[in-house]
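>
Residue numbers (my numbering): 1 to 238.
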């Protein structure tokens, strides 16, 4: 087996819920969506302009307070090409809020999360590279939040390099996935269900314990019947 990627993750603290701009059906049924996902900047611009929510942008500004954070997008390689939506979305936020956008931080591996099941998403972790300024405050920007693992890994990358992540925003996503920060109740449920042996295995596999999971990731694992099923499905996907 080739060496497994182990992107860093950092504690959640009081991380706010992801600000979602539009419903999943509105975004994914938009005529420009597929072309934007495959790399068309023009299509991504049309999509973002039609689904951008000014009120959500103002909520983000209130969260930032007096800070002027840098927007960093989780643009990634998809099966059809480089997803253009996150970077164009970040550019639009930059125009509206007057915040700078960093385009040099990129996802460096192909994970093919679009349409994938939960175990595939958990097993195939996004990895990032690019410039991060020590002490700088950042806001994460993505086109879709599902289980939240990509945003968790982008946050971990930035904070492992000395930056500070203030919040995250997504063009669309599942409403229950907006909560990234793992609740103590969910963590306890997961640990009671599957025990320390699985958590030790998880740490060896991904270099973090259960407390660095997102709420959606932990819920998915807690609802899986056995620890053996988790280990087998993760191994198969990797």
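Every residue, glycine too, gets a C-beta built ideally from N, C-alpha and C.
1) Can residue 8 and residue 157 be called in contact, C-beta distance under 9 Å?
2) Less than 7 Å between C-beta atoms, sequence neighbours within five positions excluded: which residues of the same chain meet that for residue 16?
3) Mapping the DSSP letters down to three states, classify residue 1 as helix, strand or coil.
4) According to DSSP, is residue 206 part of a helix, a strand, or is it coil?
5) Quick one: is the Cβ of residue 85 within less than 8 Å of any heavy atom of the ligand FMN?
6) In terms of alpha-carbon separation, which member of 88, 13, 66 lies closest to residue 42?
7) Could you check if residue 219 is buried or exposed, using at least 16 other CB atoms within 10 Å of its CB as the buried criterion?
8) Three-state secondary structure (DSSP) at residue 29?
9) Which residue or residues does DSSP assign as beta-bridge partners of residue 73?
10) Identify whether residue 173 lies in helix, strand or coil by the three-state DSSP scheme.
11) Using 9 Å as the threshold, is the C-beta distance between residue 130 and residue 106 below it?
12) Could you please give the first and the last residue of the uninterrupted alpha helix (DSSP H) stretch that includes residue 232?
13) So residue 49 is in the alpha helix (DSSP H); what residue range does that whole segment cover?
14) Can you give the beta carbon distance from residue 91 to residue 84, rounded, assuming they're within the 8 Å contact cut?
15) Could you name the residues of the same chain whose beta carbon sits closer than 6 Å to that of residue 143, not counting the 5 residues immediately before and after it, in chain order?
16) Which residues does DSSP pair with residue 107 in a beta bridge?
17) Where does residue 250 sit, in a helix, a strand or coil, going by DSSP?
Quick look at the numbers:
1) Against a cut-off of 9 Å, the Cβ pair of residue 157 and residue 8 comes out as a contact.
2) Excluding the 5 residues flanking it on each side, residue 16 has same chain C-beta neighbours closer than 7 Å at 63, 167, in chain order.
3) Note that residue 1 scores a pLDDT of 37, beneath 50, so its modelled location is shaky and nothing firm can be said.
4) For residue 206, the three-state secondary structure derived from DSSP is helix.
5) Judged by which ligands are present, the structure shown has none, so any question about the ligand FMN falls away.
6) Residue 88 is the option with its Cα nearest to residue 42.
7) It counts as buried.
8) Reduced to three states, the DSSP call for residue 29 is coil.
9) Partner residues in the beta bridge of residue 73, as assigned by DSSP, are 141.
10) Strand at residue 173.
11) It is a contact, given that the beta carbons lie within the stated cut-off.
12) For residue 232, the enclosing alpha helix (DSSP H) stretches over residues 227–237.
13) It spans 41–51 - the alpha helix (DSSP H) in which residue 49 sits, taken as one unbroken run.
14) That belief does not hold up - the Cβ atoms of residue 91 and residue 84 are roughly 10 Å apart, past 8 Å.
15) These residues qualify, in order along the chain: 85, 86, 171.
16) Answer is 128.
17) Because the chain here runs from 1 to 238, residue 250 falls outside it and cannot be looked at.
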